[in-house]
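Visitor: For reference, the structure I am asking about is given below.
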Amino acid sequence: MLPLKDLNPTRRTPVITYALIVINVLVFIWEQTIPLNELEGIFMRLSVVPTFVIQDPLSLDTFLDFIRSMFFHGGWAHLLGNMLYLWLFGDNLEDRMGVVLYLFLYFLGGVVAIFAQIIVDPNSLVPMIGASGAIAGVLGGYLILFPGVRVRGIIPLGLFARTAEWPAWAVLGLWFVLQLFNGVVALGVQTGTTGGVAFFAHIGGFITGLALTWIFMKLVPQPPVEDRREILYDRAQRYRF
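Going by this note's numbering, the sequence shown opens with residue 121, and the numbers climb by one from there.
Written out as C-alpha coordinates, the structure reads:
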(Lines of atoms letter the chains of each structure in order from A and count residues from 1; the text may use other names and numbers.)
(Lines give C-alpha, C1' and ligand atoms only; values in the text may rest on other atoms or scores of the structure.)
Protein backbone atom coordinates (compact mmCIF):
# COMPACT_ATOMS: atom_id res chain seq x y z
CA MET A 1 0.00 0.00 0.00
CA LEU A 2 1.15 3.53 -0.78
CA PRO A 3 0.32 5.54 2.36
CA LEU A 4 -1.16 9.00 1.88
CA LYS A 5 -2.39 10.08 5.31
CA ASP A 6 -2.38 8.90 8.92
CA LEU A 7 -5.24 9.65 11.33
CA ASN A 8 -2.91 11.02 13.95
CA PRO A 9 -2.93 14.84 14.23
CA THR A 10 -0.15 16.59 16.12
CA ARG A 11 -0.40 19.01 19.02
CA ARG A 12 2.33 21.29 17.67
CA THR A 13 3.58 22.34 14.28
CA PRO A 14 6.39 19.90 13.31
CA VAL A 15 8.94 22.59 12.54
CA ILE A 16 11.94 20.25 12.31
CA THR A 17 10.18 17.81 10.00
CA TYR A 18 9.15 20.65 7.70
CA ALA A 19 12.68 22.09 7.84
CA LEU A 20 14.21 18.74 6.85
CA ILE A 21 11.81 18.49 3.92
CA VAL A 22 12.60 22.02 2.75
CA ILE A 23 16.37 21.47 2.99
CA ASN A 24 16.15 18.21 1.02
CA VAL A 25 14.05 19.87 -1.69
CA LEU A 26 16.38 22.88 -1.93
CA VAL A 27 19.46 20.66 -2.21
CA PHE A 28 17.76 18.66 -4.96
CA ILE A 29 16.83 21.83 -6.85
CA TRP A 30 20.49 22.86 -6.61
CA GLU A 31 21.49 19.47 -8.02
CA GLN A 32 19.36 20.15 -11.10
CA THR A 33 21.47 23.20 -11.96
CA ILE A 34 24.65 21.12 -12.29
CA PRO A 35 25.61 19.14 -15.43
CA LEU A 36 25.28 15.40 -14.89
CA ASN A 37 28.97 14.59 -15.27
CA GLU A 38 29.88 17.26 -12.72
CA LEU A 39 27.15 16.10 -10.35
CA GLU A 40 28.51 12.55 -10.40
CA GLY A 41 31.90 13.95 -9.38
CA ILE A 42 30.30 15.90 -6.55
CA PHE A 43 28.59 12.76 -5.29
CA MET A 44 31.93 10.93 -5.35
CA ARG A 45 33.64 13.69 -3.36
CA LEU A 46 30.93 14.76 -0.93
CA SER A 47 28.88 11.64 -0.20
CA VAL A 48 29.64 8.19 1.20
CA VAL A 49 31.53 5.79 -1.07
CA PRO A 50 31.90 2.53 0.88
CA THR A 51 35.41 1.63 -0.24
CA PHE A 52 36.67 5.12 0.70
CA VAL A 53 35.09 4.82 4.15
CA ILE A 54 36.87 1.50 4.72
CA GLN A 55 40.19 3.16 3.85
CA ASP A 56 39.70 6.16 6.17
CA PRO A 57 36.79 5.52 8.58
CA LEU A 58 37.65 7.99 11.36
CA SER A 59 38.42 11.21 9.48
CA LEU A 60 36.39 14.41 9.69
CA ASP A 61 35.73 14.22 5.95
CA THR A 62 34.18 10.78 6.38
CA PHE A 63 31.90 12.07 9.13
CA LEU A 64 30.81 15.00 6.97
CA ASP A 65 30.22 12.65 4.04
CA PHE A 66 27.77 10.68 6.20
CA ILE A 67 25.76 13.82 6.95
CA ARG A 68 25.88 15.26 3.43
CA SER A 69 24.81 11.96 1.88
CA MET A 70 21.46 12.20 3.68
CA PHE A 71 20.54 15.35 1.76
CA PHE A 72 21.43 14.25 -1.79
CA HIS A 73 18.91 12.41 -3.98
CA GLY A 74 19.23 10.63 -7.29
CA GLY A 75 15.96 11.71 -8.93
CA TRP A 76 12.48 13.10 -8.43
CA ALA A 77 10.98 9.72 -7.53
CA HIS A 78 13.73 9.14 -4.96
CA LEU A 79 13.14 12.56 -3.40
CA LEU A 80 9.33 12.54 -3.44
CA GLY A 81 9.07 9.02 -2.02
CA ASN A 82 11.36 9.88 0.87
CA MET A 83 9.67 13.21 1.60
CA LEU A 84 6.21 11.60 1.53
CA TYR A 85 7.16 9.15 4.26
CA LEU A 86 8.92 11.84 6.29
CA TRP A 87 5.90 14.13 6.04
CA LEU A 88 3.46 11.37 6.98
CA PHE A 89 5.29 9.83 9.91
CA GLY A 90 7.88 12.36 11.07
CA ASP A 91 5.48 14.94 12.47
CA ASN A 92 4.03 12.65 15.15
CA LEU A 93 7.44 11.37 16.17
CA GLU A 94 8.74 14.91 16.55
CA ASP A 95 5.61 15.83 18.51
CA ARG A 96 6.00 12.94 20.96
CA MET A 97 9.80 12.83 21.33
CA GLY A 98 10.70 16.50 21.17
CA VAL A 99 13.13 18.24 18.86
CA VAL A 100 16.45 17.06 20.31
CA LEU A 101 15.69 13.35 20.55
CA TYR A 102 13.88 13.38 17.22
CA LEU A 103 16.92 14.85 15.46
CA PHE A 104 19.18 12.41 17.29
CA LEU A 105 17.07 9.49 16.08
CA TYR A 106 16.95 10.86 12.53
CA PHE A 107 20.70 11.29 12.11
CA LEU A 108 21.69 8.22 14.12
CA GLY A 109 19.31 6.16 12.00
CA GLY A 110 20.94 7.58 8.89
CA VAL A 111 24.48 6.87 10.09
CA VAL A 112 23.71 3.31 11.18
CA ALA A 113 21.87 2.75 7.90
CA ILE A 114 24.96 3.70 5.92
CA PHE A 115 27.18 1.45 8.04
CA ALA A 116 24.74 -1.44 7.54
CA GLN A 117 25.04 -1.12 3.76
CA ILE A 118 28.82 -0.76 3.93
CA ILE A 119 29.06 -4.00 5.93
CA VAL A 120 27.14 -5.80 3.19
CA ASP A 121 29.07 -4.24 0.28
CA PRO A 122 32.34 -2.76 1.63
CA ASN A 123 34.13 -2.59 -1.71
CA SER A 124 31.44 -0.65 -3.54
CA LEU A 125 32.51 2.39 -5.56
CA VAL A 126 28.92 3.62 -5.90
CA PRO A 127 28.07 6.76 -3.88
CA MET A 128 25.37 6.24 -1.26
CA ILE A 129 22.90 9.12 -1.36
CA GLY A 130 19.45 9.79 0.02
CA ALA A 131 17.54 10.26 3.25
CA SER A 132 16.03 6.76 3.11
CA GLY A 133 18.06 5.35 5.99
CA ALA A 134 17.28 8.26 8.29
CA ILE A 135 13.60 8.12 7.38
CA ALA A 136 13.60 4.36 7.95
CA GLY A 137 14.64 5.20 11.52
CA VAL A 138 11.60 7.48 11.76
CA LEU A 139 9.38 4.64 10.54
CA GLY A 140 10.79 2.32 13.19
CA GLY A 141 10.10 4.90 15.87
CA TYR A 142 6.56 5.43 14.62
CA LEU A 143 5.88 1.70 14.76
CA ILE A 144 6.85 1.61 18.43
CA LEU A 145 4.86 4.69 19.48
CA PHE A 146 1.79 4.48 17.24
CA PRO A 147 1.26 0.87 16.10
CA GLY A 148 -2.53 1.06 16.07
CA VAL A 149 -2.99 4.39 14.29
CA ARG A 150 -4.96 4.04 11.06
CA VAL A 151 -3.12 4.86 7.85
CA ARG A 152 -5.00 5.60 4.65
CA GLY A 153 -3.56 5.00 1.23
CA ILE A 154 -4.00 3.33 -2.13
CA ILE A 155 -3.32 -0.21 -3.31
CA PRO A 156 -2.32 -0.44 -7.01
CA LEU A 157 -4.25 -3.14 -8.89
CA GLY A 158 -2.84 -3.16 -12.39
CA LEU A 159 -4.37 -0.25 -14.26
CA PHE A 160 -6.60 0.56 -11.31
CA ALA A 161 -6.19 1.31 -7.64
CA ARG A 162 -8.35 1.12 -4.54
CA THR A 163 -8.24 3.04 -1.31
CA ALA A 164 -7.58 1.21 1.94
CA GLU A 165 -7.11 1.91 5.62
CA TRP A 166 -4.65 -0.23 7.57
CA PRO A 167 -3.14 0.01 11.04
CA ALA A 168 0.37 1.43 11.11
CA TRP A 169 1.84 -1.88 12.29
CA ALA A 170 0.59 -3.55 9.09
CA VAL A 171 1.78 -0.77 6.75
CA LEU A 172 5.23 -0.45 8.31
CA GLY A 173 5.59 -4.15 9.03
CA LEU A 174 4.91 -4.97 5.37
CA TRP A 175 7.37 -2.27 4.32
CA PHE A 176 10.08 -3.83 6.49
CA VAL A 177 9.40 -7.35 5.21
CA LEU A 178 9.74 -6.07 1.64
CA GLN A 179 13.10 -4.49 2.50
CA LEU A 180 14.31 -7.80 3.94
CA PHE A 181 13.13 -9.77 0.92
CA ASN A 182 14.54 -7.34 -1.64
CA GLY A 183 17.78 -7.05 0.31
CA VAL A 184 18.36 -10.79 0.20
CA VAL A 185 17.55 -10.86 -3.52
CA ALA A 186 19.89 -7.92 -4.20
CA LEU A 187 22.82 -9.72 -2.54
CA GLY A 188 23.22 -11.86 -5.61
CA VAL A 189 22.62 -9.10 -8.14
CA GLN A 190 24.44 -5.90 -7.20
CA THR A 191 28.19 -5.54 -7.56
CA GLY A 192 30.63 -2.97 -6.28
CA THR A 193 30.36 -0.93 -9.49
CA THR A 194 26.60 -1.02 -10.15
CA GLY A 195 24.03 1.06 -8.34
CA GLY A 196 20.74 0.03 -6.85
CA VAL A 197 18.54 0.47 -3.82
CA ALA A 198 20.44 0.19 -0.53
CA PHE A 199 17.97 -2.17 1.12
CA PHE A 200 20.26 -2.99 4.02
CA ALA A 201 20.52 0.71 4.78
CA HIS A 202 16.74 0.75 5.14
CA ILE A 203 16.91 -2.29 7.41
CA GLY A 204 19.65 -0.80 9.58
CA GLY A 205 17.88 2.53 9.93
CA PHE A 206 14.56 0.90 10.78
CA ILE A 207 16.05 -1.30 13.50
CA THR A 208 17.85 1.73 14.95
CA GLY A 209 14.56 3.61 15.14
CA LEU A 210 12.89 0.64 16.83
CA ALA A 211 15.65 0.29 19.42
CA LEU A 212 16.06 3.98 20.24
CA THR A 213 12.32 4.56 20.56
CA TRP A 214 11.91 1.46 22.73
CA ILE A 215 14.53 2.93 25.08
CA PHE A 216 12.66 6.26 25.00
CA MET A 217 9.44 4.48 25.97
CA LYS A 218 11.17 2.89 28.95
CA LEU A 219 12.82 6.09 30.20
CA VAL A 220 10.03 8.63 29.60
CA PRO A 221 6.64 8.16 31.33
CA GLN A 222 3.87 7.52 28.82
CA PRO A 223 0.13 8.20 29.23
CA PRO A 224 -2.04 5.13 29.96
CA VAL A 225 -3.02 3.12 26.89
CA GLU A 226 -6.71 3.92 27.38
CA ASP A 227 -5.98 7.65 27.51
CA ARG A 228 -3.85 7.51 24.37
CA ARG A 229 -6.58 5.67 22.49
CA GLU A 230 -9.21 8.16 23.60
CA ILE A 231 -7.02 11.11 22.58
CA LEU A 232 -6.28 9.59 19.17
CA TYR A 233 -9.94 8.74 18.61
CA ASP A 234 -11.08 12.27 19.47
CA ARG A 235 -8.46 13.77 17.17
CA ALA A 236 -9.31 11.40 14.33
CA GLN A 237 -12.93 12.56 14.37
CA ARG A 238 -11.70 16.02 13.40
CA TYR A 239 -9.22 14.76 10.81
CA ARG A 240 -10.66 13.80 7.46
CA PHE A 241 -9.05 12.21 4.43
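Each residue gets a CB set at the ideal place from its N, CA and C atoms; glycine is no exception. The model shown is predicted, which means the values in this text are computed figures rather than measured ones.
Three-state secondary structure (DSSP) at F191?
Guide: Coil at F191, not helix or strand.
Visitor: At which residues does the alpha helix (DSSP H) containing V305 begin and terminate?
Guide: Element bounds for V305: A288 to L307.
Visitor: What span of residues does the alpha helix (DSSP H) with I255 cover, start to end?
Guide: It spans S252 to L265 - the alpha helix (DSSP H) in which I255 sits, taken as one unbroken run.
Visitor: Could you check whether the segment 135 to 152 touches the segment 217 to 232, counting it as contact only if at least three pairs of C-beta atoms, one from each stretch, sit closer than 8 Å?
Guide: Yes, since at least three Cβ pairs between the segment 135 to 152 and the segment 217 to 232 fall closer than 8 Å, the two stretches touch.
Visitor: Determine contact between the segment 160 to 180 and the segment 200 to 210, defined as no fewer than three beta-carbon pairs at a distance below 8 Å.
Guide: The segment 160 to 180, when compared against the segment 200 to 210, does not touch it at the 8 Å Cβ threshold.
Visitor: Could you give the distance in angstroms between the alpha-carbon of P287 and the alpha-carbon of Q175?
Guide: Using only the alpha carbons, I get a separation of about 44 Å.
Visitor: Roughly how far, in whole angstroms, is the beta-carbon of G229 from the beta-carbon of T328, given that I think they are within contact range, below 8 Å?
Guide: Their Cβ separation, rounded to whole angstroms, is 5 Å, which keeps G229 and T328 in contact under 8 Å.
Visitor: Give the DSSP-derived three-state secondary structure of P121 in the structure shown.
Guide: Checking the sequence, you will find Met at residue 121 rather than Pro. Three-state DSSP puts M121 in coil, outside helix and strand.
Visitor: Write down the C-beta distance between L263 and L330 rounded to the nearest angstrom, noting that I regard them as a contact closer than 8 Å.
Guide: Their Cβ separation, rounded to whole angstroms, is 7 Å, which keeps L263 and L330 in contact under 8 Å.
Visitor: Where does I149 fall in DSSP's three states?
Guide: In this structure, I149 counts as helix in the three-state DSSP scheme.
Visitor: Keeping to the same chain, check which residues put their C-beta closer than 8 Å to that of D211; ignore five residues upstream and five downstream.
Guide: Around D211: T130, P134 and T137.
Visitor: Starting from P155 and walking both ways along the beta strand (DSSP E), at which residues does that stretch end?
Guide: Careful: P155 lies outside any beta strand (DSSP E) and carries neither H nor E.
Visitor: Along the beta strand (DSSP E) that carries L245, what are the first and last residues, could you check?
Guide: No beta strand (DSSP E) holds L245; DSSP gives it neither H nor E.
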